[in-house]
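>
Numbering (our numbering), first residue to last: 226 to 357.
1. If we count the other Cβ atoms within 10 Å of its Cβ and call it buried at 16 or more, is residue 319 buried or exposed?
2. Helix, strand or coil for residue 346 per DSSP?
3. Quick check: what's the CA-CA separation for residue 279 versus residue 308?
4. Go to residue 357, then tell me how far its alpha helix (DSSP H) extends in each direction, as first and last residue.
5. Do you know offhand how far residue 270's Cα is from residue 263's?
6. Can you find at least 3 beta carbon pairs, one from the region 284-291 and one from the region 253-260, that sit closer than 8 Å?
7. Which whole-angstrom value is the C-beta distance of residue 339 and residue 268, which I expect to be below 8 Å?
8. Rounding to the nearest angstrom, what Cα-Cα distance links residue 356 and residue 329 in this structure?
9. Once you ignore the five residues that flank residue 323 on each side, which residues in its own chain have a CB closer than 8 Å to its CB?
10. Measuring CB to CB, does residue 352 end up less than 8 Å from residue 293?
11. By the DSSP assignment, the alpha helix (DSSP H) with residue 331 in it spans what residues?
Quick look at the structure:
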């Protein structure tokens, strides 16, 4: 993982690699950043920010779909980027368990909102699973 990042940053510094390759690494980094932010959110549960959280999950899932489509188009040449994402891109927030009542209380959510979160978590897990 660290080696991949070092290679990535060196390639940017020396101008090695195509703009498409740089774009996919940027996308990988965005996915990882969103994943970390989502996990942190569930640990902290900032009051009344559930809408922002749901929006971020949707963005995360959309970026995973975009990356998956890029990989599908050129799987043979995308192995380095795929390995880079698979090493640290797992949707960690999916594994963070928060009692439904705590979600409802902290985020001012209803049962429907909690069910929507569970569906979005499943979607994140499936998007990641498509890459494995």
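Glycine included, every Cβ here is placed at the ideal spot set by N, Cα and C.
The model shown is predicted, which means the values in this text are computed figures rather than measured ones.
Checking against the coordinates, here is how it stands:
1. buried
2. helix
3. Their backbone Cα atoms lie some 27 Å apart in a straight line.
4. From DSSP, residue 357 is part of no alpha helix (DSSP H); its letter is neither H nor E.
5. 10 Å
6. yes
7. Actually they do not touch by this definition, with Cβ atoms about 17 Å apart.
8. About 32 Å.
9. The residues are 267, 270.
10. yes
11. 325-332
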